[in-house]
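In my numbering, the protein residues as written are 10 to 329.
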């Protein structure tokens, strides 16, 4: 786990051989680690995602929605953006992808299923689940939140071939974090690990102050991530690769140390937000960069700017 300079939103299920997920930030910058070039690629999307975007990945496409609740898909090789004829119930927590199926909640609170690979039929089919409020996923498991008769409940469904199989019911409203844990949407410190017999975990200790780069992307809940969750996710991704007739290699294609990859990502995050930040914040970030050796980021500042603020840097070094 490596600390990040700011939070990013993981493109769920986008871990490939490098096991490093793609990510998007709040300003619409797309981050992808190129395994052949061994470096991060960034791209500014023209269609802006919602502020707290929850993108998902399947078959080389990243899916998310914009602020008008319309679904967007982005080719992660070319970054071509396409608006889909899919209108969501609301702007957040209303779609999930498992295998080749996109599940979403429409304006009538119905859960709809679409085969993303069937170009002839993109209207979708009703699943029989109504009065739906939210949907989230972890691998082949869906959490569908409903609100009926003033009561919240969560149905846990498993995607088995083209069928939905109910495997558990929970009282209350829960949604998946980036790993295999559910969080109570009405409480900030209650979590359930679905791979640990739905065991309830309570406490602020599971939440970190700074985001961390983990196998599941940028998260404030690194202490909830387990080896069992990682193995389950990897096996799920293997099944997808096999179905696409492209076997997943077990060896990582990462030739750089993960710490260096995390450092390069942090530099790109700071560089992409350089112009948008007030000068006081840039001075603070520059101080931090000298401490951590973000030389690519430091090179973006003029010698004059550095000289003007040298006293601050020297004072900071004396105090520390």
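Idealized CB from N, CA, C, for every residue including glycine. All values reported here derive from a predicted model rather than from experimental measurement.
Let me confirm a value: residue i is counted as buried when at least 16 other C-beta atoms fall within 10 Å, else exposed. Which label applies?
| i | result |
| --- | --- |
| residue 64 | buried |
| residue 316 | exposed |
| residue 60 | exposed |
| residue 279 | buried |
| residue 87 | exposed |
| residue 212 | exposed |
| residue 174 | exposed |
| residue 24 | buried |
| residue 106 | buried |
| residue 218 | exposed |
| residue 203 | buried |
| residue 158 | exposed |
| residue 311 | exposed |
| residue 34 | buried |
| residue 261 | Residue placement at residue 261 is flagged as unreliable, the pLDDT there being 49, under the threshold of 50; the coordinate-derived value follows with that caveat. Per the 10 Å Cβ criterion, exposed. |
| residue 247 | exposed |
| residue 266 | exposed |
| residue 222 | buried |
| residue 302 | exposed |
| residue 328 | No answer about residue 328 holds up, because its pLDDT of 39 lies below 50 and its placement is not dependable. |
| residue 160 | exposed |
| residue 137 | exposed |
| residue 259 | Reliability fails at residue 259, whose pLDDT of 44 lies under 50, so the model's placement of it is uncertain and the value that follows must be treated cautiously. Per the 10 Å Cβ criterion, exposed. |
| residue 192 | buried |
| residue 242 | buried |
Using a Cβ-Cβ cutoff of less than 6 Å, which residues in the same chain neighbour residue i once the five nearest sequence positions on both sides are dropped?
| i | result |
| --- | --- |
| residue 216 | 229 |
| residue 111 | 123, 125 |
| residue 147 | 185, 189 |
| residue 71 | 20, 64, 83, 85 |
| residue 155 | 140, 141, 162 |
| residue 119 | 135, 139 |
| residue 207 | 201 |
| residue 38 | 51, 53, 281 |
| residue 169 | none |
| residue 62 | 18, 33, 73 |
| residue 66 | 20, 22, 23 |
| residue 318 | 292 |
| residue 294 | 279 |
| residue 298 | 306, 307 |
Can you name the start and end residues of the alpha helix (DSSP H) that residue i belongs to?
| i | result |
| --- | --- |
| residue 175 | Where residue 175 is concerned, there is no enclosing alpha helix (DSSP H), although the beta strand (DSSP E) it sits in stretches over 172-180. |
| residue 314 | 312-317 |
Given residue i, which residues of its chain have a CB within under 7 Å of its CB, disregarding the five upstream and five downstream residues?
| i | result |
| --- | --- |
| residue 314 | none |
| residue 98 | 114, 115, 116, 118 |
| residue 32 | 17, 18, 19, 20, 40, 226, 227 |
| residue 145 | 102, 105, 152, 184, 185 |
| residue 239 | 224 |
| residue 245 | 148, 149 |
| residue 231 | 10, 217, 221, 223 |
Report all residues from its chain with a CB closer than 8 Å to the CB of residue i; omit the five preceding and five following residues, and keep chain order.
| i | result |
| --- | --- |
| residue 49 | 40, 41, 42, 43, 270, 273, 274, 277 |
| residue 178 | 162, 163, 164, 165 |
| residue 194 | 143, 154, 182, 183, 184 |
| residue 233 | 186, 188, 190, 200, 202, 210, 215 |
| residue 81 | 56, 58, 72, 73, 74, 75, 90, 91, 92, 93 |
| residue 198 | 211, 212, 213, 215, 216 |
Who does residue i pair with in a DSSP beta bridge?
| i | result |
| --- | --- |
| residue 273 | Its beta-bridge partners do not exist; DSSP assigns none. |
| residue 135 | 121 |
| residue 162 | 155, 180 |
| residue 84 | 70 |
| residue 21 | 65 |
| residue 111 | 106, 123 |
| residue 150 | 147, 167 |
| residue 79 | 96 |
| residue 41 | 50 |
Note the first and the last residue of the continuous beta strand (DSSP E) segment covering residue i.
| i | result |
| --- | --- |
| residue 47 | Where residue 47 is concerned, there is no enclosing beta strand (DSSP E), given that its DSSP letter is neither H nor E. |
| residue 303 | Taken as a continuous stretch (DSSP letters only), residue 303 belongs to no beta strand (DSSP E), as it is neither H nor E. |
| residue 96 | 90-96 |
| residue 331 | Nothing can be reported for residue 331, as the shown portion of the chain is limited to 10 through 329. |
| residue 105 | 104-107 |
| residue 100 | Careful: residue 100 lies outside any beta strand (DSSP E) and carries neither H nor E. |
| residue 283 | No beta strand (DSSP E) contains residue 283, which DSSP labels as neither H nor E. |
| residue 29 | Neither: residue 29 is in no beta strand (DSSP E) and is coded neither H nor E. |
| residue 54 | Counting along the chain, residue 54 falls outside any beta strand (DSSP E), and DSSP gives it neither H nor E. |
Of all the CB atoms in chain C, is at least one closer than 9 Å to the CB of residue i?
| i | result |
| --- | --- |
| residue 195 | Looking for chain C here will not work: only one protein chain is present. |
Alpha helix (DSSP H) runs wholly inside the stretch 171-252, at least 4 long, in chain order:
236-252
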